[in-house]
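If you count by the UniProt record's numbering, then the sequence shown holds residues 1 to 385, one letter each, in order.
In what follows, a structure is listed as structure tokens, so that the remarks can point back to it.
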Amino acid sequence: MSGYKRMRRQHQKQLIVLENKLKAEMDEHKLRLQKEVETQANNTYIELERLAKKQAAQLEKEMKATATEEKRIQQQILVQQKKELTTFLDTQKKQYRLCRDRMKKEMNEDLSTPKEEKQEMLSRHKETMQHSQAEEEAQLLNQQRLIYERSCRALKRRSLIKKHEFEQEQIREELNKKKMQKEMEHALMIRQDESTQDLERRQLECLHRLRMELIRLQHHTELENQEEYNNRRQRELHRKHALERRQQPRNLKTLEMQIKKQFQDTCKVQNKQYKALRNHQLEVSPKGDHKTLLKNLKEEQTRKLAVLAEQYEQSINDMMASQALRLEAEHEAECQALKRQLQQEMELLDAYQNKTKAQAEAQHERDMQKLEQKASLRRAHLEQK
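This is the structure we're talking about:
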């Protein structure tokens, strides 16, 4: 039994060692998965930072190009307006000279008008022309200013629209990048979950195999112990029977002595009765009949003693036969009783072992169901992300 207890303790140690090994393996697996997640998160952060820098540089470059183009167009408008103003002023000067020369010619031809009046009329006409040209110039400048401002607003609006479209494109690019990275992250989580499920199943199967192997060894040891116990009980019974058979002659001798003593006591009683009867017969019988009487009494005594001796021999033989049969019957009964007891104990052991094995299988099934439920809940949680 001490060996059996030592084996059970050793089995417990084996289970603890395996459980610790599997726990360390699972911890290492989880640490590796965590590193994968952290590495992907770092890569995602780096890629988003790189994309942000690239988009910022592209936006800055685009805005510079737009500003340069806007300034070029504005400068082009200003140059064009300056040309228009120069042409307009040259035209005004020509018109002014033509009007002045025409008026001088008309005044020179008009001899009736005094010179001072002509001079005054020329001055008024000059002022009128200059005022009219100044108004036209102011109108042109105002018109050019409006056109320039409208053009600047149009350029600004076009620049803002272009910037907005560019920013929207960059946002779409960033969102697509984040979506792709999210899909990669989700795929990684699914792949990690599948690898975790595989590891959990392998570990559970490994633990179950060890438990079943230890149960098999335990049952084998229990069966060997039971068989050894059965053999020992049978050997002990055989030794007991052998001892009883060896002791039987002594016991028979004791019984024989008891029967012999009873026979001797009976013989003594018979002799006493014979002597008493002989003395009585001698006393009451004539002396001449004594010889015949003694002979008859002697023959009767001899006959009775012979009967007693025969009964003694028969008693001895009957006792010998009955004791031998009784011993064999007792031995057979004890053998059958021991056989039934050992068979019952073997059946109880077999039932106990089958129950233990069935309980281990049922526990494994429950553990597998719990593992599958846990995996399903974990997968559902991942699918919701």
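Beta carbons are placed, not taken as given, at the ideal position from N, Cα and C, and that holds for glycine.
Quick caveat: nothing in here was measured; it's all calculated off a predicted structure.
If you run the structure through DSSP and keep just helix, strand and coil, what is Ser151? The three-state secondary structure of Ser151, taken from DSSP, is helix.
With distances taken from CA atoms, which of Glu135, Arg100, Glu334 is nearest Gln119? When the alpha-carbon of Gln119 is set against those of Glu135, Arg100, Glu334, the nearest one is in Arg100.
Out of Lys30, Glu313, Arg172, which has the shortest C-alpha to C-alpha gap to Leu255? For the options Lys30, Glu313, Arg172, the alpha carbon positioned closest to that of Leu255 is the one of Glu313.
Where Met257 falls, given that 16 or more other Cβ within 10 Å makes a residue buried: Flag for Met257 reads exposed.
6 Å CB neighbourhood of Ile77 in its chain, flanking five on each side removed: Cβ within range, chain order: Tyr148, Ser151.
Alpha carbon to alpha carbon, what distance is there between His220 and His241? One C-alpha to the other measures close to 31 Å.
Which residue's Cα is closest to the Cα of Arg158: Gln12, Thr266, Ala67? Minimum Cα distance to Arg158 is reached at Ala67.
Tell me whether Ser159 sits in a helix, a strand or coil according to DSSP, three-state version. In the displayed model, Ser159 falls within a helix according to three-state DSSP.
For Glu173, collect the residues of the same chain with a Cβ closer than 8 Å to its Cβ; drop the 5 residues on either side in sequence, then sort them by chain order. Excluding residues up to 5 positions away in sequence, Leu51, Gln55 lie with their Cβ nearer than 8 Å to the Cβ of Glu173 in the same chain.
Tell me the DSSP secondary structure of Ser285 in three-state form. Note: Ser285 maps to coil in three-state DSSP.
Would you mind listing the alpha helix (DSSP H) stretches within the segment 305-362 that are 4+ residues and don't spill past its ends, in chain order? Restricted to the segment 305-362, not a single alpha helix (DSSP H) segment is unbroken, complete and at least 4 residues in length.
Where Val37 and Leu382 are concerned, what is the direct C-alpha to C-alpha distance, given to the nearest angstrom? Spanning the two alpha carbons is a distance of roughly 14 Å.
With a cut-off of 8 Å on the beta carbons, I'd call Glu368 and Leu204 a contact; round off their distance for me. Before going further, note that residue 368 is Met rather than Glu in the sequence given. Yes, they are in contact, since the Cβ atoms of Met368 and Leu204 sit about 7 Å apart, within 8 Å.
Give a yes or no on whether the C-beta atoms belonging to Gln92 and Glu137 are separated by under 9 Å. Cβ distance < 9 Å, so Gln92 and Glu137 count as in contact.
For Lys163, which residues of its own chain have a beta-carbon under 8 Å away from its beta-carbon, when the five flanking residues on both sides are left out? Counting only Cβ-Cβ distances below 8 Å, and skipping sequence neighbours, we find Leu59, Glu62, Met63, Thr66.
Is it the case that the Cβ atoms of Gln95 and Gln130 are separated by a distance below 9 Å? At a Cβ-Cβ threshold of 9 Å, Gln95 and Gln130 do not count as neighbours.
Is there contact between the segment 175-195 and the segment 324-337, where contact requires at least three CB pairs shorter than 8 Å? No, because fewer than three Cβ pairs between the segment 175-195 and the segment 324-337 fall closer than 8 Å, the two stretches do not touch.
Determine, using beta-carbon pairs with one atom in the segment 170-190 and one in the segment 351-363, whether at least three such pairs fall under 8 Å. The answer is no - the segment 351-363 does not touch the segment 170-190, with fewer than three Cβ pairs under 8 Å.
Using the rule of at least 16 other Cβ atoms within 10 Å of the residue's Cβ for burial, across every protein chain shown, is Gln81 buried or exposed? If you draw a 10 Å sphere on the C-beta of Gln81, you find 16 or more other C-beta atoms in it, and that means buried.
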